[in-house]
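Read top to bottom, the protein sequences are chains W and U. Each residue of the first sequence is one higher than the one before, starting from -17 at the first, in our numbering. Each residue of the second sequence is one higher than the one before, starting from -17 at the first, in our numbering. Even glycine gets a Cβ: it sits at the ideal position worked out from N, Cα and C. Since we're looking at a predicted model, the values are computed, not measured.
Protein chains: 2
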Amino acid sequence: MSPFRVYILGCGSALPTDKHNPSAQAVEVRERMFLVDCGEGTQLSLRRMHVNFNRIQGIFISHLHGDHCLGLIGLISTMNLADRTAPFQVYAPAEYRSLFTAEMDFFCHDLSYEVTFHPVDTTVCQTVYEDSSITVVSLPLDHRVPCCGYLFRERQGRPHLRRDMMDQYGIPYSQADRIKAGDDYVTADGTTLPNAMLVTPADRPRAYAYCSDTRYMPGLHRLIAGVNVLYHESTYAQDRADRAGKYFHSTARDAATVAREAGVGQLYIGHYSARYDDEQVLLDEAREVFPETFLTREGMVIDVE
Amino acid sequence: MSPFRVYILGCGSALPTDKHNPSAQAVEVRERMFLVDCGEGTQLSLRRMHVNFNRIQGIFISHLHGDHCLGLIGLISTMNLADRTAPFQVYAPAEYRSLFTAEMDFFCHDLSYEVTFHPVDTTVCQTVYEDSSITVVSLPLDHRVPCCGYLFRERQGRPHLRRDMMDQYGIPYSQADRIKAGDDYVTADGTTLPNAMLVTPADRPRAYAYCSDTRYMPGLHRLIAGVNVLYHESTYAQDRADRAGKYFHSTARDAATVAREAGVGQLYIGHYSARYDDEQVLLDEAREVFPETFLTREGMVIDVE
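In structure tokens form, the structure reads like this:
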């Protein structure tokens, strides 16, 4: 299976510290590489994690708080200095278009490559990107400003040919496409080999959901049911549930509740408030509700499986 | 003497690397603290150097290339999260006003403190800031976009009272101001004590000049003659003089030539191109022209004396 990985570039919240960078991730799926959010310093984190800038084909911005997007103009600028030629796609809340355009005119004119802004309606769950292998869907979230998460999902692939059967019956490779599409095969002597004998089932499509920033959303689990990996913000523990409510953030228990309701494979939490010296308290709280919870940290690579 | 110090927060050029941050310095003079330029990541560098954000009363921006200003909005945002109340002054090329205003409206509305934009005309040498203790003067530079350096200079202070003479002649402290202002003192028995007997000379005002980015400017030395410390960009060595010319940058020899012409105390160079693994070549080249040259590096504190 081709790698489906999430690179944690930053998992702190608004206050940058020596310990955590503001929000940013790289998502590698089916030979594609995307960014999700881009706080200040993301380009350095990419360098440290040896992610090749030229492989990144675009970015999905969740919302327009500085800790989720202030690194974008610098990154676009740096890719220009590195003589990038491949186009770059920016998917962001529609409200950002005019300021983004002004910033680009000011700091990034005469680029060596094309940058296209794709406005995202954060209030609906809809496909914002698709190609032959994956889809990316917006997930409306409940934050102080327009905000959405993103769901990366592989498309259903085709069954795998059983090479042993192909060889045993001398089936020419020219028939592979038809067999993968579901056809039986009739041998020269008229014997019908049923399709099920010739293939093993397709890989189950993998999915990754990024949900930050948001307060607990009772309906969110329906949009991300069964994903392999969920990243859900967990700014606070329950001791600061009042702050979570006030600032439209989640507690670790909130995040774990969504994970349990959605029946995900694994939950990764982040967007830690700088108030927590040790995030173990967040992990412990989440695991009481959803045992398969893990803390993110900068430099971590998550396999979505 | 009260400290006059320059904190090197970033001394790389446009490409951020693991070794260098983009341009930023903090200048501490007469109990005041200012920033000069603010590349991406400056707020983290400030934290690492234990500079108290609340002490910073304003920033001087040299020009509007991203590596000199993309950290500003994030810093203003972070100071708000830290409940700053003191006003903050932004001195920047006039061209930035409209974009800065748009960025502030977007990312920094409802601040807990006031931010005021002061447009700087980069084409003239004029006082952009003054108070009872210091002046800051713009230094027109020769770069691809409007750009100026900044000259921080202490005002001429007053002579120091000779406490030994004050005691010996029983001069009341109420006379101190008049004596510092130049008056003689007449004792009870009618003896005139000449002012020169009662004071030692005032400290020589110290000065620091920041000159980045620019190509070699033949007239620059006249504006910064005799400053104690000069920071002058030195993006390249002479082997890349053609690039320096093309991109309006200086070589190490250029920087040292300005320092020699201006008769400064010490020259610090920086804004190193990422092409140089070892900046020793830049230092060697500069020292051939001006021996009192030093390399800047992140974390360094320069005493201006």
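Item checked: Residue interval of the beta strand (DSSP E) (run including I38/W) -> I38 to F42
Checklist line | Alpha-carbon to alpha-carbon, H100/W and C129/U | finding: 34 Å
Next item on the list: Run down chain U in chain order and give the residues with a C-beta less than 8 Å from the C-beta of R30/W.
Entry: D0
Item checked: Secondary structure of R14/U, DSSP reduced to three states -> strand
Check: In chain order, what residues of the same chain lie with their CB nearer than 6 Å to the CB of T109/W, ignoring the 5 residues before and after it?
Finding: T117 and V119
Note to self: Taking 8 Å as the cut-off, does the region 6 to 23 of chain W touch the region 49 to 68 of chain W (at least 3 CB pairs, one atom from each stretch)?
What the structure shows: yes
Notebook entry, point to check: Which residues, in chain order, does the region 69 to 94 of chain U contribute to contact with chain W at a C-beta distance below 9 Å?
Noted result: E77, Y78, S80, L81, A84, E85, D87, F88, F89 and C90
Next item on the list: Apply the 10 Å Cβ neighbour rule to T182/W and answer buried if 16 or more other Cβ atoms are within range, or exposed otherwise.
Entry: exposed
Margin query: Counting only C-beta atoms, is G139/W closer than 9 Å to chain U at any point?
Written below: no
Note to self: Quick test of the definition: if touching needs 3 or more C-beta pairs under 8 Å, does the region 73 to 85 of chain U touch the region 30 to 44 of chain W?
What the structure shows: no
Notebook entry, point to check: In three-state terms, what does DSSP make of T(-1)/W?
Noted result: coil
Margin query: Taking the alpha carbon of R235/W as the reference point, which residue from T104/W, L265/W, L52/W and V127/W has its own alpha carbon closest?
Written below: L265/W
Next item on the list: From the DSSP output, in three-state form, read off V106/U for me.
Entry: coil
Note to self: Determine, for Q25/U, whether the minimum Cβ-Cβ distance to residues of chain W falls below 9 Å.
What the structure shows: yes
Next item on the list: Give the interface partners of I55/W over in chain U, defined as CB-CB distance under 8 Å, in chain order.
Entry: G48 and L52
Checklist line | Rounded straight-line distance, which links the Cα of E136/W to that of I153/W | finding: 30 Å
Margin query: Give me the DSSP bridge partner(s) of I116/W.
Written below: E136/W
Item checked: Which listed residue (Q25/W, E287/W, E96/W and H125/W) has its alpha carbon closest to that of S44/W -> H125/W
Margin query: Need the endpoints of the alpha helix (DSSP H) that V240/U sits in, please.
Written below: A234 to A244
Item checked: Per DSSP, cross-strand counterpart(s) of Y254/W -> G(-6)/W
Margin query: With a threshold of 9 Å between beta carbons, is L63/U in contact with chain W?
Written below: yes
Check: What are the uninterrupted segments assigned as alpha helix (DSSP H) that are 4 or more residues long and contained completely in the region 157 to 221 of chain W, given in chain order?
Finding: 158 to 162, 177 to 180 and 202 to 205
Margin query: Between the alpha carbons of S27/W and K162/W, how many angstroms are there, rounded?
Written below: 41 Å
Next item on the list: Please name the residue or residues paired with C20/U in a DSSP beta bridge.
Entry: A6/U
Next item on the list: Quickly, what does DSSP pair Y155/W with across the bridge? List them, please.
Entry: Answer is none; Y155/W lacks a bridge partner.
Checklist line | Nearest neighbour of D195/U, chosen from Y132/U, R204/U, A68/U and E96/U [CA to CA] | finding: Y132/U
Next item on the list: Using beta-carbon positions only, say whether V9/U and F134/U come within less than 9 Å of one another.
Entry: yes
Next item on the list: Determine, using beta carbons only, whether T60/W comes closer than 9 Å to chain U.
Entry: yes
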